[in-house]
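Numbering (our numbering), first residue to last: 73 to 954.
Quick notes on the structure that follows.
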Amino acid sequence: MRILFALLAVCFASAAFWASLDQPLSAPDWKGQIRGIAYSPSGLYTEEDKDTKVTDELIRRDLAQISKMTKRIRTYTVDYHHDRIPYVAKEFGMKVALGLWLREDKEYNEREIERGLKAIADNPKVVDRVIVGNEAVGVRAELTAREVSDYIKRVKLAINNPKIEVGTAEVWPTWLTEPELADGADFVGIHILPYWDGVTLQDSMAHVITNFDKVAKLYPDKKIVIGETGWPSEGRVKKGAVPTAAFEAAFLRQFFRLAEQKNYDYYIIEAFDQPWKGDAGQEGAVGRFWGMLDAEGNPKFSMTGPLSSFQDWAIFAGIAAGGTFLLGILILAIVPKVSVRGHLLLASVLGLVVSGALFIFDASSFQYISVSNVGSIAILLLVAFSGLFTATLLLTETVEWALSLWRKDRMPEITGALGYFPRISIHVPTHNEPPLMVMQTLNYLAKLEYPNFEVIILDNNTSDESLWRPVAAHCETLGAKFRFYHFENMKGFKAGALNKALELTDPAAAFIGVIDSDYQVNPNWLKAVLPSFANEKVGIVQAPQDYRDANESLFKGLLYEEYNGFFRIGMVERNEHNAIIQHGTMCVVRRKAMDEVGGWAEWCITEDTELGLRIFEAGYTALYTQVSMGRGLMPDTYAAYKGQRYRWVYGAMQILKRHAGAIFQGRKIANGSSLSKAQRYQFIAGWMPWLADGFSLVFSLLALVWSGLMIVAPRYFDVPLTALSAVALALFAIKTMKTLWLHRAKVGTGFQGSLASALTGLSLSYTVGMGVITGLITSSKPFMRTPKCEDAAPWTQVFTIARAEATLFVATMIAIFGTMWSTQFDDPADIVWFMALVVMSVPYAAAVTLALISTSNMGRPKSQKPDIGSNSLHPLKVNVAA
């Protein structure tokens, strides 16, 4: 019932929202003849079509249809077989204002004029007007006013027919500044296009009247001809001008009535949509959609009857409500029980996803995308992939959001008492570690309130004896439970060392504990976790990573908040589905399970997570306790922090590739067991935010390239589809909102802690993105140790530590200011793109900020090395192997 209530409430809200977008439009019916229409042939989808596919038959078919709407047309060129238009128009009793296209190329112009004069000479009763050049001065700036005027005079002299008017056509502002264009012309051809001037539909008729009168006042002795006016049916919003089919119909109906009252001489742009214009880079996608008919000759709207701003609202409302309800039934039914608030959150986000997909579809011009157009198909696929990925991430993050806050039933915390004390072997791998730190770790292990354990300290590949020999000496003081080994030239990094420790383990040990060399464990650690192994199917018990140096500096405090989020939120939720991440330190593993799956994987640089996944695949369960059982040290520098996270991400991608069959397909292993659906979901959903950072990095780089092209060539490069900008905004909003809300609710450090966690996590976006990309395309990165007890880096190294992020931040700032300069925010898409660039700059700014903060004084001694003295390197009873 809770699910049904939530879904119905959201479905009703979705339908109401779409209904609210439809408003009635005021427009008179029009049943009369149109005075003139601009004509370019139909069915031209590409530049190649425009250049090669125009025939007499195509022109004849088009004019047969157009002649029922008007008896006057204007053309733009006599190239591409368009010189045949007057010959065919004669068959339908039509008049042609023949266009001669002028370019910067003078030789082309001569050929164009020659062809045009022949067509005029052959059809003197068809051609009633010649338009020499189209926007060659004011828009394309390929010729001067004097040059166009000279061409007009030449053509007029060559025709020598007073019944044929000769002039040119330019946008109306050009006529206000270039009066020389009218020198020798019989008429002034003006283009008044309210859309391009950013005028609203409501103000469009006043705009036409005002600018017609401005030009007419300046040229009182010339006939004023509106060479183009109209409204597009699709494309980008231009300030207040919204391109829709309904608005196009309303504009034309109002204009026809106005022109009849004012006795305007005009040509509507245009008869047919011209899909090829979207590829020409001159007008953008909107250039395709100015036709009264689509590219195949189908009417796009009616000239009579009621009009409204969004006539398809009922279809969209139905799809939004129906899609939300069906998806909601499928998704909410399999989500564990949550309260009504949880169901409302999930249903609301589902509604946003469905309506967002409909908005993307409605805002994107897919009508004329051809399968042969590689660029268009690539953009379509990119939009589809981006939208699907963002929707999936949004839903998975919302599921965790709802479950974290409003889950009805939870697993109990680990409890119980030991009836006996099984043998446990604790492994402490070390490599180039500060000896005093390791000694402190061993001292805390010696205090364990557990009678039956051993500790194996395995130092691998540490060449500096002053680092490992003091530890070896210290082990002698701790008794027989502590065994120290040092190995040179060991293969397999940390996993290799842990496998060697397994070989050296007491055969009687039933469990293996793993502790990082910096961890100081609680005395009751083993007594607290080992009772859970009474269930033979429990293979792992994991305690959280925790840290004891959070108060050492502002930098450490920020890191602590970011770490805490995962161990207090993500791991808790994964535990409910038997899908925790084994993160090495503070874990206890059943030795039988470890032997069964083959020990530690030396090919993987996150060997702990990989082992945990294989233990899950083998059919064992894992348990997680939220109680801190030990505390270690966080990275001392931002470089170390980045390096640690890069290793985690790269290792995750190694695992994702190696275990793809198990994770994505549920592939079974030799014993017939496999991951459950819940486990597979948790591993995919858990890594999706990292994958999103990889996708965002690629998007950011492409955005910078595109922004640069917009700045240097704004005529040919417009802002990207709003759908792509929305993806960047959505990914940022998801990551930030979830962190702020959940961290405050579950970690309990208030808004300040939530903000610290969010900004610190964002600072790793570039590092995570690089880890994803390199992890997916390579497989053999070496293990990277996280240094301990380092000195703080000097502030002069800030830009060295965060060189890539600083560079990208500067580049993004240039793109932001370049966008402001090149777009003037005429289109809401410009604003969305600007916002996307601002959002993209935040992680880079956060990284530089964290790097700067990390250089502050740590407040502790420069070194944790003990003063071992001159006699510390005396021969010891140490297990040393070459």
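Just so you know, even glycine gets a beta-carbon here, dropped at the ideal spot from N, CA and C.
Small disclaimer: the values here were computed from a predicted structure and weren't measured.
Need the endpoints of the alpha helix (DSSP H) that residue i sits in, please.
{"i": "Val911", "result": "Pro900 to Ile925"}
{"i": "Arg646", "result": "Met643 to Asn647"}
{"i": "Asn181", "result": "Lys178 to Asp194"}
{"i": "Val799", "result": "Thr794 to Leu814"}
{"i": "Gly205", "result": "Counting along the chain, Gly205 falls outside any alpha helix (DSSP H), though it belongs to the beta strand (DSSP E) covering Val199 to Asn206."}
Among the options, which has the Cα closest to the Cα of residue i?
{"i": "Arg662", "options": "Thr502, Asn607 and Asn335", "result": "Asn607"}
{"i": "Glu355", "options": "Thr316, Trp268 and Ile401", "result": "Trp268"}
{"i": "Gln383", "options": "Thr316, Ile449, Asp345 and Ala343", "result": "Thr316"}
{"i": "Gln439", "options": "Met892, Gln326, Leu576 and Gly307", "result": "Gly307"}
{"i": "Lys235", "options": "Phe259, Leu215, Ala254 and Val358", "result": "Phe259"}
{"i": "Ile203", "options": "Tyr718, Glu184 and Trp759", "result": "Glu184"}
{"i": "Asn195", "options": "Gly568, Pro158 and Lys228", "result": "Pro158"}
{"i": "Ala573", "options": "Ile498, Glu521, Ser114 and Glu179", "result": "Ile498"}
{"i": "Leu422", "options": "Phe583, Ala463, Gly459 and Leu453", "result": "Ala463"}
{"i": "Gly428", "options": "Leu836, Ile403, Ser276 and Thr396", "result": "Thr396"}
{"i": "Ile612", "options": "Asn650, Leu576, Leu631 and Ile138", "result": "Asn650"}
{"i": "Leu265", "options": "Phe323, Glu237 and Pro251", "result": "Phe323"}
{"i": "Leu922", "options": "Leu290, Gly733, Tyr619 and Ala711", "result": "Ala711"}
Could you give the DSSP three-state label for residue i: helix, strand or coil?
{"i": "Gly115", "result": "coil"}
{"i": "Ile451", "result": "helix"}
{"i": "Val660", "result": "strand"}
{"i": "Ile496", "result": "strand"}
{"i": "Leu514", "result": "helix"}
{"i": "Asn696", "result": "First, the residue type needs correcting, since residue 696 is Tyr and not Asn in the sequence shown. Strand at Tyr696."}
{"i": "Leu97", "result": "strand"}
{"i": "Ile584", "result": "strand"}
{"i": "Asn283", "result": "helix"}
{"i": "Ala673", "result": "coil"}
{"i": "Asp531", "result": "strand"}
{"i": "Thr502", "result": "strand"}
{"i": "Ala313", "result": "strand"}
{"i": "Ala288", "result": "helix"}
{"i": "Gly715", "result": "helix"}
{"i": "Asp121", "result": "helix"}
{"i": "His153", "result": "coil"}
{"i": "Arg482", "result": "coil"}
{"i": "Asp337", "result": "strand"}
{"i": "Ala110", "result": "strand"}
{"i": "Arg932", "result": "Residue placement at Arg932 is flagged as unreliable, the pLDDT there being 45, under the threshold of 50; the coordinate-derived value follows with that caveat. Coil, per DSSP."}
{"i": "Gly744", "result": "coil"}
{"i": "Ile653", "result": "coil"}
{"i": "Gly702", "result": "strand"}
In terms of residue numbering, what span does the beta strand (DSSP E) encompassing residue i cover?
{"i": "Ala169", "result": "Lys167 to Leu172"}
{"i": "Asp578", "result": "Per DSSP, Asp578 belongs to no beta strand (DSSP E) and is neither H nor E."}
{"i": "Lys295", "result": "Lys295 to Thr301"}
{"i": "Leu365", "result": "It is not in any beta strand (DSSP E) - Leu365 carries neither H nor E in the DSSP assignment."}
{"i": "His546", "result": "Segment Glu537 to Leu550 is the alpha helix (DSSP H) holding His546; no beta strand (DSSP E) there."}
{"i": "Phe77", "result": "Looking at the DSSP string, Phe77 is not in any beta strand (DSSP E); the run it does join, the alpha helix (DSSP H), is Arg74 to Ser92."}
{"i": "Tyr557", "result": "Phe554 to Phe559"}
{"i": "Ile262", "result": "Phe259 to His263"}
message: Counting beta carbon pairs with one atom in the stretch 744-758 and one in the stretch 683-692, are three or more of them shorter than 8 Å?
response: At 8 Å Cβ cutoff, the stretches touch.
task: Entirely within the stretch 213-246 and at least 4 residues each: give me those alpha helix (DSSP H) ranges in chain order.
output: For the stretch 213-246, whole alpha helix (DSSP H) runs of length 4 or above, ordered along the chain, are 217-231.
- request: Return the chain-ordered ranges of every alpha helix (DSSP H) run that is complete within the stretch 589-640 and spans a minimum of 4 residues.
  value: Along the stretch 589-640, the alpha helix (DSSP H) occurs as fully enclosed runs of 4 or more residues at 597-601 and 626-637, listed in sequence order.
message: If contact is defined by three or more beta carbon pairs under 8 Å, each pair taking one atom from either stretch, is the stretch 640-655 in contact with the stretch 521-536?
response: In short, these stretches do not touch, since the Cβ pair count stays below three.
message: Which runs of the alpha helix (DSSP H) at least 4 residues long sit entirely within the stretch 369-425? Give them in chain order.
response: You should have 385-404.
query: Using 8 Å as the Cβ pair cut-off and three pairs as the minimum, do the stretch 911-930 and the stretch 779-791 touch?
result: In short, these stretches do not touch, since the Cβ pair count stays below three.
message: Assess contact between the stretch 410-420 and the stretch 105-112, defined as three or more Cβ pairs (one per stretch) separated by less than 8 Å. Is contact present?
response: Output reads no: the stretch 105-112 does not touch the stretch 410-420.
field: the stretch 363-382 / the stretch 78-89 touching (three or more Cβ pairs under 8 Å)
entry: Taking one beta carbon from each stretch, the stretch 363-382 and the stretch 78-89 have fewer than 3 pairs nearer than 8 Å; the two do not touch.
Contact the stretch 614-624 vs the stretch 534-547: 3+ CB pairs below 8 Å: Here the stretch 614-624 makes no contact with the stretch 534-547; the two share fewer than three CB pairs at distances below 8 Å.
field: the stretch 324-336 in contact with the stretch 382-402 per 3-pair CB rule at 8 Å
entry: Touching, no, given that fewer than three Cβ pairs across the two stretches are closer than 8 Å.
query: Below 8 Å, can you find three or more Cβ-Cβ pairs linking the stretch 507-515 to the stretch 448-467?
result: Three or more beta-carbon pairs separated by less than 8 Å are not found between the stretch 507-515 and the stretch 448-467, which leaves the two stretches without contact.
Segment contact, 8 Å Cβ cut-off, at least three pairs: the stretch 589-606 with the stretch 488-505: These segments touch.
query: Three or more beta-carbon pairs under 8 Å between the stretch 473-481 and the stretch 557-577, yes or no?
result: Too few Cβ pairs lie closer than 8 Å, so no.
Segment contact, 8 Å Cβ cut-off, at least three pairs: the stretch 671-683 with the stretch 626-637: Because the criterion of three Cβ pairs below 8 Å is not met, the stretch 671-683 and the stretch 626-637 do not touch.
- request: Determine contact between the stretch 654-672 and the stretch 577-595, defined as no fewer than three beta-carbon pairs at a distance below 8 Å.
  value: In short, these stretches touch, since the Cβ pair count reaches three.
query: Touch check for the stretch 587-601 and the stretch 693-702: three-plus C-beta pairs under 8 Å?
result: Yes, they touch.
- prompt: Can at least three beta-carbon pairs, one atom from the stretch 121-137 and one from the stretch 145-161, be found at a separation below 8 Å?
  reply: Taking 8 Å as the limit for Cβ pairs, the verdict is that the stretch 145-161 does touch the stretch 121-137.
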